[in-house]
Amino acid sequence: MRPDTEAELAELVKTASGPIEIIGGGTRKLGEHVEGVPLLTGGLSGITLYEPEALTLVAKAGTPLAEINALLAKNNQRLPFEPLDYRALQGSAGEPTIGGAVATNASGPRRISAGACRDSLIGVRFVDGMGRIIKNGGRVMKNVTGYDLVKLLAGSHGTLGILTEVSFKLLPAALATATVLVAEDETTAATTMARALGSPYDISGAGHIAGTTALRLEGLEGSVAYRSEALAALLSGKVGDFDWRALCDVQAFAGFEGDVWRFSVPPSQGPVLGAALRKLGAIDIIYDWAGGLVWALSPDGLDLRPALESGHGTVVRGTATPRFHPEPAPVAALASALRARFDPRGILNPGRMG
Amino acid sequence: MQMPESSARILADKAKIVARLRKILPEESVIDNPVETKAYECDALAAYRCPPLAVVLPASTDETAAVLKACFEMGVPVVPRGAGTSLAGGALPTADSIILGVAKLTDVLEIDYDNRFIRVEAGRTNLSVTGAVETNGFFYAPDPSSQLACAIAGNIAMNSGGAHCLKYGVTTNNLLGVTMVTMEGEILEIGGAHLDSAGYDLLGLICGSEGQLGVVTEATLRILAKPEGARPVLIGFDSNVVAGACVSDIIRAGVLPVAIEFMDRPVIRAAENFTHAGYPDVEALLIIEVEGSEAEIKEQLDTIIKIARKHNPVELRESGSPEESATIWKGRKAAFGAMGQINDYMCLDGTIPVSQLPKVLRRITELSEQYGLDVGNVFHAGDGNMHPLILYDANKPGDLEKCEDMGADILKLCVEVGGCLTGEHGVGVEKRELMHVQYNEADLDIQMAVKDVFDPEWLLNPAKVFPLDASAERRA
Ligand SMILES: Cc1cc2nc3c(=O)[nH]c(=O)nc-3n(C[C@H](O)[C@H](O)[C@H](O)COP(=O)(O)OP(=O)(O)OC[C@H]3O[C@@H](n4cnc5c(N)ncnc54)[C@H](O)[C@@H]3O)c2cc1C
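Next up, the structure:
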């Protein structure tokens, strides 16, 4: 199925007799396997509204991210949340769509300053499991009219509704960028990153990979020059080059065999978790979000969750299960009750989130 | 404005209900004497008042859970209350409801600078959250003008904003976790010190749910390192359209100020008379604030001023000292109070796409003439959140109704041009019946289905947010 309009999509869902697997670009292979008729969102494509002076963009869910990024770049603007691209890591092909980025709440290093995808997302239209067309939020960046289903839909992996249109608040693109590098091992990295984020220098990326802690500064030229020097002095580091795209997309694990895990923990816990993961057999570890996001490469099928003290872990590549972190019973009960309301027949990506 | 009829059963059972609550809480935490319950009869939407059946002030999450469980079992509606500064009637009780106030829950539970969060009890005031961390160079970003009084609980329920949210976002963007008690008395931990959720974003759903999904007793909030400094520039224009164009050009140039505030002539005059801040008598005044080190402030202000000059401002005043900054902000900060000196006022907060500003201001002027009521506009210009203040005389019969009708027309206009009914104050009872304007039946039904999940009996703050006719069956 590949509907060209929202109305057509709604009709397809309404008359569906069994499970549907929703596919945007097909580049983000997350969650459990879904047995269902493929529904491609690619027909719902195009930027419906772009107002640079209002920092607002509205696009149909199947619009390729590349198309959006190109238009924004021309106007010196960008999506604030730096959506990560799973193609290298997962060996997937195709063109990532904006709907897929929203459904997975895909957020890169700028998460620590500009927020996640869910923070930039200001409006959604979607088709629920009964084929009803629903809107929530809108195209203005301050909106508290009714419940915030926008956040609920972000990261719901297509299990609550099929996104048809999404709206974002944007940011000006950085006129200048610099990175401060500190050579150290991972045991001290969290402290370095905490010092940086505790400084007034407005850090927009903080990661650690292969013996290097990297801190990104963005903004106007003079400001970036000033802050990067001040930060380098504070941390005894130096200004240098760093591939933020590679960190964002976890490219370092791309060529290697094994499972890839993604853990979300309080940032200072990052290296503590890292050490515990290595003890359990993890082969390599990368840190983003000032230590709050921990990527681990591990032998196939190994259960790394016992290393966690708080937070959660998701399997993003390989054979370990369950792929999503099991939630405490009362929260899981709410989640399944919500799912039963949005999709009473249980036909939208059933089982994807466990 | 209508409220549902109170339940005769509950009113008749008052003594029994209060006795049961007294078994759960200490004597002084249950208030049922009419002289004292009167203090809870309204919030900052003071035109509507109704004392509750009783008031409970639990001192812990466990006490809150016990109270809610008892109320659930007795089938008694509960209205959560923070500091009662809601402008939408969110904390307005009904005669058959229990007010559950979190005023005793004010402790700081944990401060963690390495992980940049603070965990507080939800009754703590917004300003005192920053107060707890500022000596260490940190702050809590959302800054509603009511921050001295309003509680974090209310901020979470309303997803409150502030003057600086253009850069830092609103409450939902700065909230990491909550402890919340459901109407059935179950204690839930949602979120925490990590940055995202394992499953559905329930935290995002709870924030802004106006006390209808659960009672929040604790919150984990993101704190940020304070910038080195901040400085405003004041720019006056003889036309709203030009002021709007200036804002657009600044945003397009890639500068992101922390605040862009807009005032129109009636507000400028009122603020000037009230505070003598030295505001010029112009059609539109912008206050634009930037942050950073001295050099960074200069870099940003230079860019802004260069753009502003192209629009031929009548006045342009860059602050040269902390005193001058305070003077520039003084009038803006007192704007509501200043309008209040002139007459009673109703404060709207619809949001519009900023491109629609000139059109909306023109239409508001026409409506003002049509209804014969004066209006002043204060406006977060960067994000399109309007604050039209409609002046009326509460003692003049019919004036409030006229003012409400005009308010409704303005909000419909906001929706019509692509915006929304409320940008930061919430729906409450005030905008409840207008929800039809923004949302159709399916849009509202799915939101109500969310409430069904958290509060199947519709006992928590039931008469709010949704049009009474739309929620009637569920409330019955
Ligand atoms: C002068 C003035 C200026 C203002 N400026 C701003 C501004 O700049 N920005 C802005 O956004 N707002 C502003 N407001 C509105 C108001 O201050 C905010 O909505 C505030 O967040 C309300 O907090 P409160 O503690 O007073 O909540 P209350 O008024 O007590 O309650 C508000 C809502 O929260 C619910 N609630 C309260 N406690 C809980 C709880 N524990 N659990 C679940 N739900 C709960 C209530 O049921 C109600 O629906 C202003 C108000 C005034 C009077």
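Line order of the protein sequences matches chains A and B.
Residue numbering for the first sequence follows this note's numbering, starting at 1 and increasing by one per position.
Residue numbering for the second sequence follows this note's numbering, starting at 1001 and increasing by one per position.
Yeah, the Cβ is synthetic: ideal placement off N, Cα and C, and Gly gets one too.
This structure is a prediction, so every number in the text was calculated from the model and none was measured.
Which partner residues does valine 1079 (chain B) have in the DSSP bridge list?
B:Ile1099
Please tell me whether methionine 353 (chain A) has its Cβ less than 8 Å away from any Cβ of chain B.
yes
Once DSSP output is grouped into helix, strand and coil, what is the label at phenylalanine 1274 (chain B)?
helix
Considering only residues of the segment 1263-1347 of chain B, which uninterrupted beta strand (DSSP E) runs meet the minimum length of 3 residues and lie entirely inside it, listed in chain order?
1284-1291, 1315-1318 and 1344-1347
Regarding asparagine 1173 (chain B) and ligand 1, is the C-beta to nearest heavy atom distance less than 7 Å?
Answer for asparagine 1173 (chain B): no, Cβ out of range of ligand 1.
DSSP bridge partner residues for glycine 1376 (chain B) (one or two, in chain order)
B:Leu1389
Taking DSSP as the reference, what is the three-state secondary structure of leucine 57 (chain A)?
strand
Enclosing alpha helix (DSSP H) for glutamate 51 (chain A) [first to last residue]:
Glutamate 51 (chain A) -> not in any alpha helix (DSSP H); beta strand (DSSP E) instead, spanning 47-51.
Could you check whether alanine 1219 (chain B) and alanine 1122 (chain B) sit closer than 8 Å to each other, using their CB atoms as the reference points?
yes
Own chain, CB closer than 7 Å to threonine 164 (chain A), minus 5 neighbours either side, in chain order
Counting only Cβ-Cβ distances below 7 Å, and skipping sequence neighbours, we find Glu6, Leu9, Leu44, Lys60, Ala61, Arg125, Phe126 and Val127.
Should valine 1078 (chain B) and leucine 1100 (chain B) be called a contact, given that it needs their Cβ atoms to be closer than 8 Å?
Their beta carbons are under 8 Å apart, which means valine 1078 (chain B) touches leucine 1100 (chain B) by this criterion.
From this set, B:Gln1447, B:Ser1355 and B:Asp1409, which residue's C-alpha is nearest leucine 49 (chain A)'s C-alpha?
From the listed residues B:Gln1447, B:Ser1355 and B:Asp1409, the smallest Cα separation to leucine 49 (chain A) is found for B:Ser1355.
Step through the CB atoms of chain B and report whether any lies within less than 8 Å of the CB of glycine 155 (chain A).
yes
Could you list which residues in chain B have their beta carbon closer than 7 Å to that of valine 144 (chain A), in chain order?
Met1158, Asn1159, Gly1208, Thr1422, Gly1423, Glu1424 and Gly1426
Valine 1170 (chain B) versus A:Val265, A:Gly161 and A:Asp119, residue with shortest Cα-Cα distance:
Residue A:Asp119 is the option with its Cα nearest to valine 1170 (chain B).
I want to see whether chain A comes within less than 8 Å of proline 1227 (chain B), judged by CB atoms only; does it?
yes
Can you pull the chain B neighbours of methionine 141 (chain A), defined as C-beta to C-beta under 8 Å?
Thr1351, Asp1383 and Gly1384
8 Å contact criterion, which leucine 1286 (chain B) and valine 1247 (chain B) should meet: CB distance rounded
7 Å
Can cysteine 1420 (chain B) be considered in contact with ligand 2, in the sense that its beta carbon sits closer than 7 Å to one or more heavy atoms?
In the structure shown, ligand 2 is absent; the only ligands present are ligand 1.
Check the Cβ-Cβ distances between tryptophan 289 (chain A) and every residue of chain B, and say whether any is below 8 Å.
yes
How is the beta strand (DSSP E) around alanine 1141 (chain B) delimited, first residue to last?
Unbroken run through alanine 1141 (chain B): none, as it is neither H nor E.
Which partner residues does tryptophan 261 (chain A) have in the DSSP bridge list?
A:Ala296 and A:Val315
C-beta atoms of arginine 1432 (chain B) and tryptophan 1458 (chain B) nearer than 8 Å:
no
Within its chain, find whatever has a CB closer than 7 Å to the CB of isoleucine 347 (chain A); leave out the 5 residues flanking it on each side and keep chain order.
Setting aside the 5 residues that flank it on each side, isoleucine 347 (chain A) is surrounded in the same chain by Ala16, Gly18, Pro19, Ile20 and Gly129, each with a C-beta closer than 7 Å to its C-beta; the list follows chain order.
Unbroken stretches of the beta strand (DSSP E), 3 residues or longer, contained in the segment 1152-1181 of chain B:
1175-1181
For chain A, check one thing: does any of its Cβ atoms lie closer than 8 Å to the Cβ of glutamine 1438 (chain B)?
yes
Cβ closer than 8 Å: which chain B residues qualify as neighbours of threonine 56 (chain A)?
For threonine 56 (chain A), the neighbours in chain B by C-beta distance under 8 Å run, in chain order, Pro1353.
Opposite proline 1051 (chain B) in the DSSP bridges: which residues?
In the DSSP assignment, proline 1051 (chain B) is bridged to no other residue.
Applying a beta-carbon distance threshold of less than 7 Å, which residues of chain B neighbour phenylalanine 81 (chain A)?
Result: empty, since nearest Cβ-Cβ is about 11 Å, beyond 7 Å.
Segment contact, 8 Å Cβ cut-off, at least three pairs: the segment 151-166 of chain A with the segment 1463-1472 of chain B
no
In this structure, does DSSP put arginine 1362 (chain B) in helix, strand or coil?
Reduced to three states, the DSSP call for arginine 1362 (chain B) is helix.
For chain A, is any of its Cβ atoms less than 8 Å away from the one on glutamine 1147 (chain B)?
no
Would the beta-carbon of threonine 1085 (chain B) be found less than 7 Å away from any heavy atom of ligand 1?
Relative to the non-hydrogen atoms of ligand 1, the Cβ of threonine 1085 (chain B) comes within a distance shorter than 7 Å of at least one.
What are the boundary residues of the beta strand (DSSP E) that includes aspartate 288 (chain A)?
284-288
Going by C-alpha distance, which of A:Val331, A:Gly291, A:Thr41 and A:Asp303 is nearest aspartate 185 (chain A)?
A:Gly291
Determine the contact status of glycine 1382 (chain B) and isoleucine 1260 (chain B), defining contact as a CB-CB distance below 8 Å.
yes
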